[in-house]
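A.B. asks:
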Amino acid sequence: MTTSTFRYLDPATITPGVAPWAKVDVDYTSYSRKTVTKDVTNFADCLDIHSKRGSFGADIDVAGFAVYRSPSATTPEDFEDDRTVRTKYYAEVEALLRERLEHSGQKIKRIEIFDHTIRKHDPSAARQPVQQVHVDQTPKAAEARVRRHITPKEEADALLQNRYQLINVWRPIRHPATDFPLAVIDYRTTAPEDFVAVSLLYPKRNDGDDDDRGKETLPSPETLNSLDGYEVKGETYGVLPNESHKFYYIKDMTPNEAMFIKCFDSWGDRLPGGKKGVAGLTPHTAFVDPQTPEGTPGRESIEVRCLVFYE
Numbered sequence: 001m002t003t004s005t006f007r008y009l010d011p012a013t014i015t016p017g018v019a020p021w022a023k024v025d026v027d028y029t030s031y032s033r034k035t036v037t038k039d040v041t042n043f044a045d046c047l048d049i050h051s052k053r054g055s056f057g058a059d060i061d062v063a064g065f066a067v068y069r070s071p072s073a074t075t076p077e078d079f080e081d082d083r084t085v086r087t088k089y090y091a092e093v094e095a096l097l098r099e100r101l102e103h104s105g106q107k108i109k110r111i112e113i114f115d116h117t118i119r120k121h122d123p124s125a126a127r128q129p130v131q132q133v134h135v136d137q138t139p140k141a142a143e144a145r146v147r148r149h150i151t152p153k154e155e156a157d158a159l160l161q162n163r164y165q166l167i168n169v170w171r172p173i174r175h176p177a178t179d180f181p182l183a184v185i186d187y188r189t190t191a192p193e194d195f196v197a198v199s200l201l202y203p204k205r206n207d208g209d210d211d212d213r214g215k216e217t218l219p220s221p222e223t224l225n226s227l228d229g230y231e232v233k234g235e236t237y238g239v240l241p242n243e244s245h246k247f248y249y250i251k252d253m254t255p256n257e258a259m260f261i262k263c264f265d266s267w268g269d270r271l272p273g274g275k276k277g278v279a280g281l282t283p284h285t286a287f288v289d290p291q292t293p294e295g296t297p298g299r300e301s302i303e304v305r306c307l308v309f310y311e
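The sequence shown lines up with residues 1 to 311 when you count with full-length UniProt numbering.
(1) Answer yes or no: do Ser226 and Ala19 have a C-beta to C-beta separation smaller than 7 Å?
(2) Buried or exposed: which applies to Arg163, given that a residue is buried once 16 or more other Cβ atoms fall within 10 Å of its Cβ?
(3) Mind checking which residues open and close the alpha helix (DSSP H) that includes Asp61?
(4) Would you say Asp122 touches the ligand HEM, meaning its beta carbon is less than 6 Å from a heavy atom?
(5) Does DSSP put Lys215 in a helix, a strand or coil?
(6) For Glu235, does the count of other Cβ atoms within 10 angstroms reach 16, so buried, or fall short, so exposed?
(7) From what residue to what residue does the alpha helix (DSSP H) around His149 run?
(8) Run through DSSP, which three-state label would Ala156 get?
(9) How do the region 280-287 and the region 69-76 stand: do at least 3 beta-carbon pairs fall below 8 Å, yes or no?
(10) Taking just the CA atoms, how far does Ser4 sit from Trp170?
(11) According to DSSP, is Thr87 helix, strand or coil?
(12) Quick one: what's got a C-beta closer than 6 Å to Ser70's C-beta in the same chain, skipping five residues either side?
(13) So, do the region 297-307 and the region 189-197 have three or more beta carbon pairs nearer to each other than 8 Å?
(14) When you compare only the Cα positions, how much space is there between Ile261 and Gly268?
(15) Given Phe56, which residues of its chain have a CB within under 7 Å of its CB, disregarding the five upstream and five downstream residues?
(16) If I follow the unbroken beta strand (DSSP E) through Gly234, where does it start and stop?
(17) Given Lys38, which residues of its chain have a CB within under 6 Å of its CB, disregarding the five upstream and five downstream residues?
(18) Throw me the rounded Cβ distance for the Ala44 and Ile173 pair, which I believe falls under 8 Å.
(19) On the three-pair Cβ rule with 8 Å, is the region 147-166 touching the region 99-116?
(20) Roughly how far, in whole angstroms, is the beta-carbon of Gln128 from the beta-carbon of His121, given that I think they are within contact range, below 8 Å?
(21) Would Leu201 and Tyr230 qualify as a contact pair, given that the criterion is a beta-carbon distance under 7 Å?
(22) With the cut-off set at 7 Å, would you say Asp10 and Ser32 are in Cβ contact?
(23) Suppose the cutoff is 8 Å on Cβ atoms and the five residues either side in sequence are ignored; what does the same chain contact list for Pro123 look like?
(24) Thinking C-beta only, is Val36 closer than 7 Å to Thr2?
(25) Extract the residue ranges of the alpha helix (DSSP H) inside the region 104-143, only unbroken runs of 4 or more that lie entirely within it.
(26) Could you give the residue range of the beta strand (DSSP E) that holds Gln161?
(27) Which residue's Cα is closest to the Cα of Pro293: Asp186, Leu240, Thr178, Lys275?
In structure tokens form, the structure reads like this:
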């Protein structure tokens with residue numbers, strides 16, 4: 001176990017009836033953050049990768065996340081090439097999702113991988129580890145993703161009639177994620193009132209391509225306060241502090257391991273028509289582990305966002 005500080009939405013800076021916003025290409029928001037000190041449990045030692053369904057840490061329906069040992073054939077150099085990521089690594093992710101999520105009662109009909117982000121703890125990197133407790137998608141944004149990426153409309157309508165999930169598959173690159181590790185909150189320790197919808201602002205592009213992958217560039221410091229050139233293209237959940245939250249992580253998680261982070265599940269137990277006991281989402285964040293040795297290489301990681309549709 002370790003102890004660290006975590007950045008939440010500051011309730012005092014949220015105005016009722018006014019949607020807060022955040023830019024995706026730089027850490028700039030309409031709200032402030034509140035720092036809270038919390039314990040973080042390392043569950044690596046108790047994780048049984050052969051556990052049956054229903055086991056904490058091996059079944060995303062229990063607490064919203066799971067970690068699996070899954071060596072990748074994609075090399076650190078491959079991850080530097082966007083085309084290789086979309087072909088070689090995406091195929092690995094889809095195979096892993098099918099291996100771990102399909103079981104006797106749930107058969108996967110289709111997987112649509114729509115986005116990925118490579119993050120580096122490096123001042124020159126366009127995307128840094130995110131130090132704020134959040135969930136990647138709201139229910140509204142999850143459905144919008146389906147309708148954005150699945151055509152024709154009739155096919156999207158049909159897929160939305162059955163169970164679907166939005167899962168973020170997260171993996172360290174090159175070396176263990178000792179620097180800025182990823183922490184997740186057990187869904188069962190959250191409450192509905194913890195979550196605040198935040199509009200995501202993306203830079204407008206005129207290249208005729210609606211695909212945002214690999215297009216990140218650092219904005220000029222002079223434009224941080226300006227909303228010119230930005231548009232709303234998503235919605236995420238910011239999270240408010242709650243003393244009940246329980247944090248977990250895999251200390252020194254390696255590139256041979258992958259974490260499934262559930263961002264949305266139409267069977268989530270707090271949604272209309274949801275199933276009792278099914279985790280709906282997973283708040284998560286990067287954090288500073290005070291046990292990290294001096295000189296540890298900066299974290300490099302990839303997250304792949306996937307729509308999973310069931311029969």
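The beta-carbon is built from N, C-alpha and C at its ideal position, and this holds for glycine as well.
C.D. replies: A quick look at the data gives this:
(1) What you label residue 226 is simply residue 226 of the sequence shown in a count that begins at 1. What you label residue 19 is simply residue 19 of the sequence shown in a count that begins at 1. Not in contact: Ser226 and Ala19 (Cβ atoms no closer than 7 Å).
(2) As a working mapping, residue 163 is identified with position 163 in the sequence shown. So Arg163 counts as buried.
(3) Numbered from 1 along the sequence shown, position 61 holds the residue referred to as residue 61. Start and end: 60-63.
(4) Only the bare structure without any ligand can be found here, which leaves the ligand HEM out of the picture.
(5) By 1-based counting over the sequence shown, the position of residue 215 is 215. Note that Lys215 scores 48 on pLDDT, short of 50, meaning its location in the model is unreliable and no value can be drawn from it.
(6) Taking the sequence shown and counting its residues from 1, one reaches residue 235 at position 235. Buried, since its Cβ has 16 or more Cβ neighbours within 10 Å.
(7) Along the sequence shown, one-based indexing puts residue 149 at 149. Counting along the chain, the alpha helix (DSSP H) containing His149 begins and ends at 139-149.
(8) Counting from one through the sequence shown, the residue named residue 156 turns up at place 156. If DSSP states are grouped into helix, strand and coil, Ala156 belongs with the helices.
(9) no
(10) By one-based count along the sequence shown, residue 170 stands at place 170. By one-based count along the sequence shown, residue 4 stands at place 4. Distance between the alpha carbons of Trp170 and Ser4 is about 21 Å.
(11) Position 87 of the sequence shown, counted from the start, is the residue given in the question as residue 87. Three-state result, Thr87: helix.
(12) Here residue 70 corresponds to residue number 70 of the sequence shown, with the count starting at 1. Once the five neighbours on either side are set aside, the close Cβ partners of Ser70 are Leu96, Ala258.
(13) no
(14) Position 261 of the sequence shown, counting from 1, holds the residue named residue 261. Position 268 of the sequence shown, counting from 1, holds the residue named residue 268. Using only the alpha carbons, I get a separation of about 14 Å.
(15) By 1-based counting over the sequence shown, the position of residue 56 is 56. The answer, listed in chain order, is Val62, Ala63.
(16) The count along the sequence shown starts at 1 and reaches residue 234 at position 234. Start and end: 230-239.
(17) Here residue 38 refers to the residue found at position 38 when the sequence shown is read from its first residue. So the list reads Phe6, Phe247, once near-sequence residues are dropped.
(18) By one-based count along the sequence shown, residue 44 stands at place 44. By one-based count along the sequence shown, residue 173 stands at place 173. So it is not a contact: roughly 19 Å between Cβ atoms.
(19) yes
(20) Taking the first residue of the sequence shown as position 1, residue 128 is located at position 128. Taking the first residue of the sequence shown as position 1, residue 121 is located at position 121. Right, the Cβ-Cβ distance comes to about 6 Å (below 8 Å), so this counts as a contact.
(21) Translated into the one-based positions of the sequence shown, residue 201 becomes position 201. Translated into the one-based positions of the sequence shown, residue 230 becomes position 230. Yes, the Cβ-Cβ distance between Leu201 and Tyr230 is below 7 Å.
(22) The residue you call residue 10 lines up with position 10 of the sequence shown. The residue you call residue 32 lines up with position 32 of the sequence shown. Cβ distance < 7 Å, so Asp10 and Ser32 count as in contact.
(23) On the sequence shown, residue 123 is found 123 positions in, with the first residue counted as 1. Hits under 8 Å: none found.
(24) Taking the sequence shown and counting its residues from 1, the one referred to as residue 2 is at position 2. Taking the sequence shown and counting its residues from 1, the one referred to as residue 36 is at position 36. No, these two residues do not count as a Cβ contact at 7 Å.
(25) none
(26) For this step, residue 161 is matched to residue 161 along the sequence shown. Where Gln161 is concerned, there is no enclosing beta strand (DSSP E), given that its DSSP letter is neither H nor E.
(27) Within the sequence shown, the letter at position 293 stands for residue 293. Among Asp186, Leu240, Thr178, Lys275, the Cα nearest to that of Pro293 is on Thr178.
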